[in-house]
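In terms of the numbering used here, the sequence shown opens at residue 2 and continues consecutively. Some notes on the structure that comes next.
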Amino acid sequence: MLDKTFDPKAAEPRLYAQWEASGAFAPKTDGAAEAYSIVIPPPNVTGSLHIGHALNNTLQDILARYHRMCGKAVLWLPGTDHAGIATQMVVERQLAAAGNVGRRDMGREAFVQKIWDWKAESGGTIVQQLRRLGASCDWSRERFTLDEGLNAAVRKVFVQLHREGLIYRDKRLVNWDPQFQTAISDLEVEQREVDGFYWHFAYPLADGVTYEHPVAFDEEGVATEWETRDFIVVATTRPETMLGDTGVAVHPGDERYAGLVGKFVTLPIVGRRIPIVADEYADPTKGSGAVKITPAHDFNDFQVGKRAGLPSINILNQFAAILDWKDTPTGVDETDDQFEPETPEFVVGTIPADLRGLDRFVARKAIVSRAESEGWLKEIEKTKHVVPHGDRSGVVIEPWLTDQWYVDAHTLAQPALKAVETGATVFEPKSYEKIYFEWLRNIEPWCISRQLWWGHRIPAWYGPNGEIYVAETEEDARELAMDDYDSVVALTQDEDVLDTWFSSALWPFSTMGWPEKTEDLERFYPTSDLVTAADIIFFWVARMMMMGLHFMDGEAPFKRVIINGLVRDEKGQKMSKSKGNVIDPLVIIDELGADPLRFTMAILSGTRDIKLSKERIEGYRNFGTKLWNAARFSQMNEARRVAGFDPAGVQQTINRWIRGELVKCERQVSEAIEGGRFDDAASSLYRFVWNVFCDWYVELSKPVLNGADEAARDETRAMTAWTLDQTLKLLHPVMPFITEELWAELGREGASRDEPMLIGAAWPRFDDGFIDPAAEAEIGWLVDLVTEVRQLRAEMNVPPGAKPPLAFVAPDAVTAERLERHRPLILTLARVSEVASVEAAPTGAVSFVSGGATAALSLAGIIDLAAERARLAKAVAAFESDIGHVNKKLGNPNFVAKAAPAVIDEQRAKLTEAEEGKARMVAALARIEALG
């Protein structure tokens with residue numbers, strides 16, 4: 002006999018070990034089996050399972066388990082990402098905490114070995130946590146983005162793209178993290194709103210130029226007064242960058258400055274002559290309408306500089322300090338005046354000695370102080386503005402001009418665009434294609450070099466004279482160098498490593514053995530599905546498309562991309578530790594088990610923003626408990642599998658009905674999973690298991706199981722056991738642990754099964770003939786009748802112990818026969834004292850229509866009409882108050898404009914709920930009034 006409750010803490014580790022030991026996670030070796038493959042978005046090797054992982058991997062596991070049960074050879078390929086900057090940071094912190102020397106003192110080779118040591122000891126944490134979730138990956142094929150096979154793939158791709166002119170070295174602006182001294186990707190930049198200032202500086206016009214500047218205006222905005230100025234005002238939130246200004250921009254349509262375009266200003270402090278240029282980037286409505294242009298330290302300014310032909314002058318070193326002589330290639334002191342303009346030495350020579358070497362923020366204060374004392378600080382304006390920060394370091398990111406390696410992403414993007422435009426790869430939901438198209442159609446060169454030590458070292462070597470030799474090995478590089486030198490020369494490998502996303506872009510094919518022609522590559526590429534989040538469509542999905550199409554003979558890496566939503570808290574707010582609203586999936590698994598979490602993830606997955614609460618997960622634990630109790634009911638009533646039992650031959654109406662309901666559920670679940678609609682699949686399962694099987698079938702079967710008709714009892718026992726088995730199969734992809742446990746426990750009784758483990762069972766497919774319209778109509782009539790009576794009892798506040806009489810008014814022959822057949826069930830389930838047929842509705846009865854016939858529930862003497870009338874009127878008034886309150890909010894333009902979308906959605910949901918509640922109470926009140 003089953004235990005009273007399911008114990009996930011004891012069962013889940015045991016069941017997972019059994020699955021893994023059985024080899025069930027590996028794809029079938031039967032060559033005739035259709036292949037289904039999916040590669041896991043590799044989590045960072047430093048990571049721990051968070052709620053986003055729980056959602057994403059639950060959906061992947063549903064697909065893998067479903068297709069496995071459908072008889073396909075399923076490969077769900079797992080692995081982890083080396084996570085360059087995150088991993089390096091973890092180990093550096095550990096070294097510092099232990100009092101060890103830093104990585105630069107330790108040296109590259111020793112430091113990298115320390116990281117490998119850390120990975121061996123702690124790097125598998127998230128892999129074990131995925132097992133706790135129930136992820137049925139083929140762990141025998143687990144990959145790591147820095148393993149030797151993937152190293153070979155990365156080197157080959159880099160070299161080939163370089164030879165094709167698609168990888169090159171260039172000097173451009175990058176997001177520079179001064180703490181880690183490396184370029185970082187846009188994904189690693191966190192935009193934070195901070196309090197700051199606009200400092201308004203007056204740049205003096207050169208060559209004695211003056212102009213008339215409007216200072217007063219009439220009501221229509223027409224200038225009425227002017228003043229003669231020999232300066233132009235610019236505003237900045239970063240005064241320290243003025244040392245690198247090479248221009249001032251004004252809008253070409255701004256009449257105030259039309260006569261100044263082509264003239265010059267003298268840059269304060271530095272003394273450099275810089276031109277005034279016309280560019281539409283300058284906004285006449287903001288500030289003075291004139292903006293300083295620092296091409297080497299601002300992304301927008303960089304583009305303005307390119308259009309206007311302005312030089313880019315870098316004034317910061319890798320630590321975001323103002324340049325000093327030690328930062329120059331020669332390191333000579335300021336007495337040298339032999340350097341060409343724009344060289345680092347020349348730039349340092351233009352910077353006052355008291356500013357050289359200062360941290361950027363210290364230099365900012367010094368420059369503002371000098372501007373104030375010299376009189377060219379015109380105004381300080383408080384502002385809130387967005388400042389980029391490193392998501393790992395937490396420091397302010399600097400746009401920095403530096404030499405880096407780039408991929409010609411525009412060229413590679415064209416086949417990737419075409420693949421989705423033509424439907425070779427589809428997005429679910431389709432609306433996410435817009436993000437994909439928008440990014441690829443406006444794609445910039447991809448900076449792929451990082452100034453780190455942990456990662457794929459760039460396969461490029463430098464000769465004595467600066468020549469670059471790109472090759473897969475140093476030996477190959479030396480052979481290339483022999484063409485330029487008469488003898489063997491020393492080569493130095495590039496110090497940088499590749500962006501982590503570069504190796505991740507090769508994930509779908511490199512993990513299957515490419516560049517070797519492996520069986521896995523032949524059988525499982527292209528993959529069937531990719532499940533991932535919207536925020537990495539451009540960072541990862543698009544890049545995998547580009548690389549897969551380029552290196553795999555034009556075949557896109559996946560046929561379908563399923564985008565999952567973002568998990569938020571129950572109020573729709575983003576989860577964060579600072580808010581204290583984070584739901585830890587591992588804590589949930591410890592407390593409630595993996596299955597309730599998985600089911601919750603599935604049933605809520607149909608929205609972009611998933612509102613999650615612990616209470617919601619607890620509710621779906623109750624769903625598992627409901628199934629467990631139904632299985633106990635089955636055992637207590639001796640419902641066991643019967644050898645040779647054929648559900649096609651059942652005679653009892655309830656058995657023909659449940660058979661049809663099961664078929665409909667299977668159709669709905671199969672179609673939903675195939676379509677990537679996991680919420681629809683879970684909803685269909687919930688309705689069938691809770692409402693149809695556990696509530697109605699179990700209740701309807703009790704009279705038969707306890708009755709004297711032995712044949713009917715035996716058939717219903719066999720049908721119950723068979724239906725329960727099929728239900729476990731349908732539910733298994735979503736709730737694998739409890740279903741596997743029930744499969745094993747129920748398997749101890751009755752006829753033996755061909756499938757000892759549920760994970761290896763065949764997905765149920767049923768004949769259309771299993772749906773019986775007559776049984777569906779009859780049981781549907783009974784269910785609707787009982788439901789209507791129960792709702793009436795609740796609305797009219799009928800005491801639970803009261804049993805009012807039920808009567809049908811002049812029923813037709815079909816209804817009369819049904820009443821007679823199901824009288825005992827109606828009496829029990831509807832909690833009525835009698836079921837009668839009458840010619841007219843009794844006095845004091847509430848009338849309603851059920852199945853096309855008029856019925857009446859007699860409530861005279863059972864409820865206090867006056868008290869109920871007052872209660873319902875009060876409820877109607879309360880709902881009207883709620884409706885008025887919400888409508889007032891939604892009718893306020895300021896509220897709608899300022900409130901977060903989630904808040905507005907919440908208010909609209911409240912309005913709908915209140916309107917529906919009011920309608921129910923109004924209907925109930927009308928019934929009361931009809932009673933007199």
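Where is the CB? At the ideal position from N, CA and C, for every residue including glycine.
Excluding the 5 residues flanking it on each side, Ile-905 has same chain C-beta neighbours closer than 7 Å at Val-897, in chain order.
Taken through DSSP and simplified to helix, strand or coil, Thr-717 comes out as helix. Rounded to whole angstroms, the gap between the alpha carbons of Lys-383 and Thr-403 is 32 Å. Glu-122 places its beta carbon 8 Å or farther from that of Arg-104. Three or more Cβ pairs closer than 8 Å define a contact, and the segment 216 to 227 falls short of that threshold against the segment 278 to 289.
In this structure, Cys-138 sits away from Phe-303, with a CB-CB distance that is not shorter than 8 Å. A Cβ-Cβ distance of about 5 Å is found for the pair Gly-566 and Thr-608, placing them in contact under the 8 Å criterion. Comparing alpha carbon positions, the residue from Thr-6, Pro-14, Gln-129 and Lys-29 closest to Ala-55 is Gln-129. Along the segment 385 to 417, the alpha helix (DSSP H) does not occur as any fully enclosed run of 4 or more residues. Boundaries of the beta strand (DSSP E) around Asp-530: 528 to 534. Under DSSP, Tyr-199 forms a beta bridge with Glu-382.
Going by DSSP, His-214 is part of the beta strand (DSSP E) stretching over 212 to 218.
Separation of Pro-825 and Ser-685 (C-alpha to C-alpha, rounded to the nearest whole angstrom) is 30 Å.
Per the DSSP secondary-structure output, Trp-227 pairs in a beta bridge with Pro-215. In this model, Val-836 and Val-847 are separated by some 15 Å (Cα to Cα). Val-210 and Phe-265 have their C-alpha atoms spaced approximately 9 Å apart.
Between Leu-492 and Pro-558, the alpha-carbon positions lie close to 37 Å from each other. It is roughly 33 Å from the alpha-carbon of Ile-444 to the alpha-carbon of Phe-679. Inclusion of Val-369 and Trp-200 in the CB contact set at 8 Å is warranted, their separation being smaller than that value.
Cβ atoms of Ala-136 and Asp-62 come within 8 Å of each other, at about 5 Å. Excluding the 5 residues flanking it on each side, Arg-156 has same chain C-beta neighbours closer than 6 Å at Pro-460 and Glu-473, in chain order. Taking C-beta separations shorter than 7 Å and ignoring five residues to either side along the sequence, the partners of Ala-364 in its chain run Glu-241, Ile-323 and Leu-356, following chain order. In the displayed model, Arg-273 falls within coil according to three-state DSSP, outside both helix and strand. For Tyr-621, the secondary structure class from DSSP, reduced to helix, strand or coil, is helix.
Per DSSP, Trp-455 lies in no beta strand (DSSP E) and is assigned neither H nor E. The C-beta distance from Ile-772 to Lys-665 rounds to 7 Å, short enough to fall under 8 Å. Here Gly-781 carries a helix assignment [DSSP, helix/strand/coil]. For Phe-679, there is no enclosing beta strand (DSSP E); the residue is part of the alpha helix (DSSP H) that begins and ends at 679 to 687. Here His-386 is exposed. Its C-beta has fewer than 16 other C-beta atoms within 10 Å.
Non-local C-beta neighbours of Arg-794 in its own chain, meaning closer than 6 Å and more than five positions away in sequence, are absent. Comparing C-alpha distances from Pro-704 to each of Ala-752, Phe-694 and Ile-655 shows the shortest one belongs to Ile-655.
Per the coordinates, the alpha-carbon of Phe-202 lies some 41 Å from the alpha-carbon of Gly-85. Relative to Gly-32, the option among Asp-785, Glu-520 and Leu-663 whose CA is nearest is Glu-520. Here the segment 639 to 649 lies against the segment 711 to 722, with 3 or more beta-carbon pairs under 8 Å apart.
Nearest Cα to Asp-246 within the set Gly-350, Ile-316, Lys-518 and Val-850: Ile-316.
With a threshold of 16 other beta carbon atoms within 10 Å, His-163 meets it and is buried.
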